[in-house]
Each structure stands twice: as C-alpha cells, then as structure tokens.
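Protein chains: 2
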Amino acid sequence: MKVKKEIIDPSTEEKIKNAARKVFTQKGYAGTKTRDIAEEAGINLALLNYYFRSKEKLFDIIMLESFQEFMRSMISVFNDEKTSLEKKIESMVSNYIDLLIKQPDIPLFILSELRNNPNEIVKKMSLDNNLMKSFFMKQIQQAIKEEKISDISPVHFFMNMMSLTVFPFVASPMLKNLGDLQQKDFDKLMQERKKLIPKWIKATMKVK
Amino acid sequence: MKVKKEIIDPSTEEKIKNAARKVFTQKGYAGTKTRDIAEEAGINLALLNYYFRSKEKLFDIIMLESFQEFMRSMISVFNDEKTSLEKKIESMVSNYIDLLIKQPDIPLFILSELRNNPNEIVKKMSLDNNLMKSFFMKQIQQAIKEEKISDISPVHFFMNMMSLTVFPFVASPMLKNLGDLQQKDFDKLMQERKKLIPKWIKATMKVK
DNA sequence: GTCTATATACGGATAGAC
DNA sequence: GTCTATCCGTATATAGAC
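Structure follows, in structure tokens:
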C-alpha cells in the first residue's frame, strides 16, 4: 500500500526534497528562495517548514545526499582489492561520466557551496574515507616501485583523473559557448571520453 | 599628483571595486551583501550606490573584468602565428597557473555565476573570440593531417588542457581535504604541474 | 497534513545633512 | 564626496484555521 502510493504519487516530503534538489543545485543556497522550492514542489510554503523546519536544515540534507552520491562511485572502486589498477581507472571514469550525464550540475553545486563555507558534512566524510590511504593509492605506489609507471606524486594522478572527467561538466556552459556546441554534441563528446580518458591516463603515467 | 595619490591611497572608487571583487568572488552574487562590500572597503553603504548606482551594475563591472583577465592569457597565445604548437601549450599552461596561484577563485566564480544566468557579457566575448577558428585550432588540425598526432576532435585537446590546468584550482577545497594538503603543499603541486601538464598533453596527443 | 494570513528580519537603495 | 537615518520590498518563518 505504502509502496504503491510512493510510485504513483511521491510523498509530500519526497516532492519537497526533489524540488529542493533541483533548485538548490541550479541556484545555490544563497540564490534559492524557499518560495521557489514550494512552487516547484507544487505545495505551500508553510508546508516546507512543517516538514524540514528551515531552509538551512533542508539544504543540509540535500548537500549530504549529493555529496554521498558524488563520492559513492569513487569509494567503492577505490577500496576494492580484487581489480587491477587499469580496470579501476576504466570503471571509475565510466561510472562518473554516466552519473554526470544524468546529473551534470552536482559537481559545480558542491564545489561552489564548499568555497564559502568549508562544510562540516564534507569534512567529516573526507576524513571517514581517507582516499590517500586507500587500496587504490597503494596500487599506484606499488606500480611506481616496480617502475611500471613514472615516479610522480599519486596526488597528481588522482587530480588528472578527476580533472579530465569532471571539469568538462563543471565548465560546460563556457565550453558550449567557446566550442559552439549543442547539448547533443556535448553529450557525444562525453561519451567518447569514457574510452579516451583511461587511455590518456595510461599515457601520462609513463611520462618521465 | 594623481598618480601619487593612487599609489599611496587608492581612490574610493578603486577601494570599492577591490572590495567588491574580493567579496563577489568568494560568495557569489546572491551570497554577497552590499553592506559586506562597504565594510570590506572601509566606506559607507551609501557611498557604494553613489559610485555604482546598484549592486548589479557593480557586479557587471567585476564580472567583465574577471572574465577578460581569464581569457587574456588564452586569446593572445591562441592567435599568435609565430610560435609552434608545442611552445603554445607550454606558455598557456604556465601563464594560467601563474595567474591562478595569484587569483585562485576566479574560475569558480565565473563558472558558478554562468550556471544560473548565461551572462550576456560572456556570450558576447565568446563570440568575438571564436576560439574554434583560431590559429591554434588550425595548428592542431594541421598536425592531425600530417599524422603527427592522433585523430581526435580538437575540442578534446582543448578540454584536456583546460581540465588539467584549471580544475585543481576549482576543486581545491575538496582536493585539500581529500589529499590532506596544506596550502603550501597545494601550491607546490601546482608549480610542478607547470612542467608536467605540457608533457602529459603531448603524451595524450599520440594515443590512438 | 495542508492551507491563509501575518510577524519579523534583512537587504538594497535613497533622502538629506554636512 | 561622505556620512546617518530611514524607506520599502522581499524572504524566512510561524500562528492558527480547517
């Protein structure tokens, strides 16, 4: 009964959260009016406060969920001890691009909010998942030792992977303008990058 | 006399602009209160409106200047017909990293403001400097023809260069957290990247 | 749970004295 | 040019009826 209701017509709480996610990610915390969220959700402003008490509390929930979603692909892959470094890179890039094509404005949302207030939630999650001590980083260090790849800080590898994968989405409004691209062209380029980025990463790893 | 005054004590107009640049880039348009700018400039709120009429007009000036500064390194290098592709990449990356170490939050400022309102200023400047038809792009296409580099859309090359150079600064709050880096460590990594990125770019250019 | 009406605070902008 | 005091619209949040 409850399930049926949620499928046919999401609960009010869910409707508000969906609306909030949409408006917050597009306009940021400061640019968002609770009235916009209420309107987007098709409910009254008072109801928003009934469910979530305040704009800030609602925002914290959305931010936490967005950040978790952004980190999920990374964490699961990083700590997996079974797959090779090469396969890890491939699946990470592919997972991310799939996620980002569906939700292109999550990274810019997180990064621009993070700029002003070093968010406590994010700090805590970063500490809980110390990426620099993950199995992935150990694999890189091992490969350096065995002289399979060049001797550069593993942080650079990580930066490169994230940069090549995430930046085009963060900068998409500008890139579309500068490159005179339609959304369709842009998405096609991103699909191409799923295969290209792992190849490029491997090439950079051998640079001396 | 005038010059001396500007060196010793910048004009009020300059003081307000400097304060505005600082606050706007840190908090974005919506997050900025004109009172904050006034305080930062050490002047009264009324004076801000006396000089610039409104928050929006002041913002437009700051945005235009920031965007121009961000594009300058690129445009001058792109249209230069004398230097080789290789040298161009080197000087562009180096120029950008120098600029970004000095003013790390310009890109995130531009990109996050661009997200909501496809800024008219930016649109116009993008049209005026059609990068895809610049000499730099012709050089890439020529190199592809001569089979010196692999046959991929020049847009990918451009994205890669910008990604590797700019993204670390856009994502610095997160990268510092995840990588457990102090500002000093971060800047050192960026300095290293001045030499590394051109090498990496060259490596990716040969990938089939 | 959901609405209308309202309290309260805040932020942009101006009036007017100096 | 620069200040203090103030106006006024708007945004968050709550009271209270249904």
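Protein chains in written order, with the numbering used here: chain A, 195 to 402; chain B, 195 to 402.
The C-beta atom is built at its ideal place from N, Cα and C for all residues, glycine as well.
Because the structure is a prediction, the values reported are computed rather than measured.
In whole angstroms, what is the alpha-carbon distance linking residue i and residue j?
i             : j             : result
residue 282/A : residue 299/B : 31 Å
residue 381/A : residue 227/A : 31 Å
residue 206/A : residue 250/A : 19 Å
residue 387/A : residue 356/A : 13 Å
residue 199/A : residue 339/B : Since pLDDT at residue 199/A reaches only 44, below the 50 mark, its modelled position is unreliable, and no value is offered.
residue 234/B : residue 333/B : 46 Å
residue 335/B : residue 232/A : 51 Å
residue 262/A : residue 256/A : 10 Å
residue 264/A : residue 301/A : 8 Å
residue 248/A : residue 306/B : 24 Å
residue 358/A : residue 203/A : 39 Å
residue 267/B : residue 290/B : 7 Å
residue 223/B : residue 353/B : 27 Å
residue 259/A : residue 311/A : 17 Å
residue 284/B : residue 389/B : 8 Å
residue 337/B : residue 229/A : 54 Å
residue 279/A : residue 269/A : 14 Å
residue 292/A : residue 360/A : 11 Å
residue 295/A : residue 395/A : 21 Å
residue 214/A : residue 246/A : 11 Å
residue 254/B : residue 402/A : 45 Å
residue 319/A : residue 313/A : 10 Å
residue 309/B : residue 371/B : 25 Å
residue 274/B : residue 393/B : 21 Å
residue 345/B : residue 217/B : 44 Å
residue 376/B : residue 297/A : 31 Å
residue 137/A : residue 351/B : The requested residue 137/A does not occur in the structure, where chain A is confined to residues 195 to 402.
residue 378/A : residue 341/A : 42 Å
residue 252/A : residue 369/A : 32 Å
Can you tell me whether residue i is buried or exposed? The criterion is at least 16 other CB atoms within 10 Å of its CB, across all chains shown.
i             : result
residue 321/A : exposed
residue 326/B : exposed
residue 244/A : exposed
residue 225/B : buried
residue 367/A : buried
residue 324/B : exposed
residue 240/A : exposed
residue 221/B : buried
Mind listing the chain A neighbours of residue i? Cutoff is C-beta to C-beta under 9 Å, in chain order.
i             : result
residue 353/B : 358, 361, 362, 365, 369, 373, 383 and 387
residue 299/B : 309
Check the Cβ-Cβ distances between residue i and every residue of chain A, and say whether any is below 9 Å.
i             : result
residue 220/B : yes
residue 266/B : no
residue 294/B : no
residue 241/B : no
residue 209/B : no
residue 306/B : yes
residue 320/B : yes
Does residue i get closer than 9 Å to chain B when you measure Cβ to Cβ?
i             : result
residue 215/A : no
residue 324/A : yes
residue 225/A : yes
What residues of chain A sit near residue i, judged by a beta carbon separation below 7 Å?
i             : result
residue 203/B : Here the premise fails: no neighbours, minimum Cβ distance about 30 Å.
residue 349/B : 373 and 383
residue 302/B : 305, 306 and 309
What does residue i reach in chain A if we use C-beta pairs closer than 8 Å?
i             : result
residue 316/B : 368 and 371
residue 390/B : 346, 350 and 401
Kindly give me the distance between the Cβ atoms of residue i and residue j, rounded to whole angstroms, as I take these residues to be in contact under 8 Å.
i             : j             : result
residue 328/B : residue 272/B : 4 Å
residue 331/B : residue 362/B : Going by Cβ atoms, the distance from residue 331/B to residue 362/B rounds to 25 Å, so no, they are not a contact pair.
residue 276/A : residue 343/A : That pair is no contact at about 20 Å.
residue 219/A : residue 303/A : 4 Å
residue 391/B : residue 287/B : 5 Å
residue 211/A : residue 237/A : Not confirmed; about 12 Å, so no contact.
residue 373/B : residue 349/A : 5 Å
Which chain B residues are close to residue i, counting only those with a beta carbon under 9 Å from its beta carbon?
i             : result
residue 393/A : 398, 401 and 402
Which residues in chain B have a C-beta closer than 8 Å to the C-beta of residue i? List them in chain order.
i             : result
residue 230/A : Going along chain B, no residue has its Cβ under 8 Å from residue 230/A, so there is no contact; the nearest lies around 12 Å.
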